[in-house]
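Just so you know, we're using numbering that gives the first Met the number 0 here: the sequence shown kicks off at 0 and counts up by one. All residues carry an ideal CB built from backbone N, CA and C; glycine is no exception. First up is the structure itself, then whatever we jot down about it.
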Amino acid sequence: MLTLPYIKQSISVITSIGICGLLLSQKPAAAQVNVSPLVIITQAKQGTATGFITLVNTGNAVVKMKLYANPFTYSSKGFQVVESSPNDLSPYLIFSPTEVVLEPKQTRRVRLLARLLPSMKLGEYRSVIFAEPVKPPDNLNKKGGLSINTRVGVVVYVRQGETRESLIAKEISYDPETKQLYLSVHNEGNVTIRTQGKWELKQEGKQSLEGQISTTTIIAEGMRNIPLTLSKDQKKETIPSGKYQLTGELSWGDPLNPTQVPFNFPVTIP
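Structure (structure tokens):
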């Protein structure tokens, strides 16, 4: 069975929004669909992985959802659906059924099956499975209604063969326009890593600045520029010009025994 070791924040993409008649005396009927799990990471056994996703209509209107898969990546701008990818799982991913009718408060399960070919290279294959309404809910055609058409998605990572995890902090940069520090991190492994961390900016004779690195996804062999944000009690401060030393660490994996990678860079703030 396909295991679910990581359940993270959902991918919810608002595809169209129309708002009219906000001062309503009554709420129109509406369908609202939730999906779980939100992220699936699994190891294929003999090229095969199976499992389920669950759709729940928490609204009070019937909705028909269609399901489809797309390749995706994480760029410097974050999550992005792409037209093609060498690590695309979509051609090897089957789900049944491909359309689901959900009555109000109803729950349905969709079976997943991934079949990788023996000739495929070792490493990670990924896809996002979207579920979206086949047609807008009835209330979208009603005058004075709230028009929201959304799709929800489950990110699926299937790993084949031996995997390797490796993050390297490459360099630090400073954007004078936004007054923001960025840490460039390269994933030299063959699987996606969700990393977090902490950092400290020191200057001799002055109080140091510090902050946390929020959880960031870096795909296999990918690069991300991670913004270094000051801690809440220091957010109103700006970093004065001068020469500094940046230290910190990245961590990922088991919270009780995480993999940790330190970094140390000189920084000049103009």
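On the DSSP bridge list, what partners appear for residue 259? If you number the sequence shown from 1, residue 259 lands on position 260. 250.
Would you report the Cα separation of residue 177 and residue 250, rounded to the nearest angstrom? Within the sequence shown, numbered from 1, the residue matching residue 177 stands at position 178. Within the sequence shown, numbered from 1, the residue matching residue 250 stands at position 251. One C-alpha to the other measures close to 27 angstroms.
Going by beta-carbon coordinates alone, are residue 200 and residue 243 separated by less than 8 angstroms? On the sequence shown, position 201 is the one that residue 200 refers to. On the sequence shown, position 244 is the one that residue 243 refers to. Contact flag set, yes.
Please state whether the Cβ-Cβ distance between residue 112 and residue 41 is less than 8 angstroms. Translated into positions along the sequence shown, residue 112 becomes position 113. Translated into positions along the sequence shown, residue 41 becomes position 42. Their beta carbons are not under 8 angstroms apart, which means residue 112 does not touch residue 41 by this criterion.
Alpha carbons only, please: which of 160, 210, 85 and 96 is nearest the one belonging to residue 220? By 1-based counting over the sequence shown, the position of residue 220 is 221. Among 160, 210, 85 and 96, the Cα nearest to that of residue 220 is on 85.
From the DSSP output, read off the bridge partner residues of residue 182. To locate residue 182, count along the sequence shown from 1; it is residue 183. Looking at the DSSP assignment, residue 182 forms a beta bridge with 171 and 225.
Is the Cβ-Cβ distance between residue 194 and residue 166 less than 8 angstroms? Position 195 of the sequence shown, counted from the start, is the residue given in the question as residue 194. Position 167 of the sequence shown, counted from the start, is the residue given in the question as residue 166. In contact: residue 194 and residue 166 (Cβ atoms closer than 8 angstroms).
Straight-line Cα distance separating residue 253 from residue 170: Looking up residue 170 in the sequence shown gives position 171. Looking up residue 253 in the sequence shown gives position 254. Answer to the nearest angstrom: the Cα atoms are 26 angstroms apart.
Could you check whether residue 107 and residue 131 sit closer than 8 angstroms to each other, using their CB atoms as the reference points? Position 132 of the sequence shown, counting from 1, holds the residue named residue 131. Position 108 of the sequence shown, counting from 1, holds the residue named residue 107. Taking 8 angstroms as the cut-off, the beta carbon of residue 131 is found no closer than this to the beta carbon of residue 107.
Below 8 angstroms between beta carbons: does that hold for residue 126 and residue 66? As a position in the sequence shown, residue 126 is number 127, starting the count at 1. As a position in the sequence shown, residue 66 is number 67, starting the count at 1. The answer is no: Cβ separation not under 8 angstroms.
From the DSSP output, read off the bridge partner residues of residue 196. As a working note, residue 196 is residue 197 in the sequence shown. Residue 196 is bridged to 212 and 249.
Take residue 83 as the anchor and find which of 257, 94, 71 and 77 has the nearest alpha-carbon. For the purposes of this step, residue 83 is taken as residue 84 along the sequence shown, with counting starting at 1. Ranking 257, 94, 71 and 77 by CA distance to the CA of residue 83 puts 71 first.
Using only CA atoms, which one of 183, 262 and 241 lies nearest to residue 327? The displayed coordinates of the chain run from 0 to 269. Any statement about residue 327 would go beyond what the structure contains.
Simplified DSSP assignment, three categories, for residue 265: In the sequence shown, residue 265 corresponds to position 266, counting from 1. It is a strand residue.
Considering only the alpha carbon of each residue, which of 172, 237 and 190 lies closest to residue 267? Mapped onto the sequence shown, residue 267 falls at position 268. Out of 172, 237 and 190, 172 has the C-alpha closest to the C-alpha of residue 267.
Separation of residue 215 from residue 192, as counted between CA atoms: As a working note, residue 192 is residue 193 in the sequence shown. As a working note, residue 215 is residue 216 in the sequence shown. The alpha-carbon separation between residue 192 and residue 215 amounts to approximately 8 angstroms.
Sequence-distant residues of the same chain with beta carbon closer than 7 angstroms to residue 223, five excluded per side: Translated into the one-based positions of the sequence shown, residue 223 becomes position 224. Within the same chain, residue 223 has close Cβ partners 73, 75, 184, 215 and 217.
Report buried or exposed for residue 256, applying the criterion of at least 16 other Cβ atoms within 10 angstroms of its Cβ. Position 257 of the sequence shown, counted from the first residue, corresponds to residue 256. Burial call: exposed.
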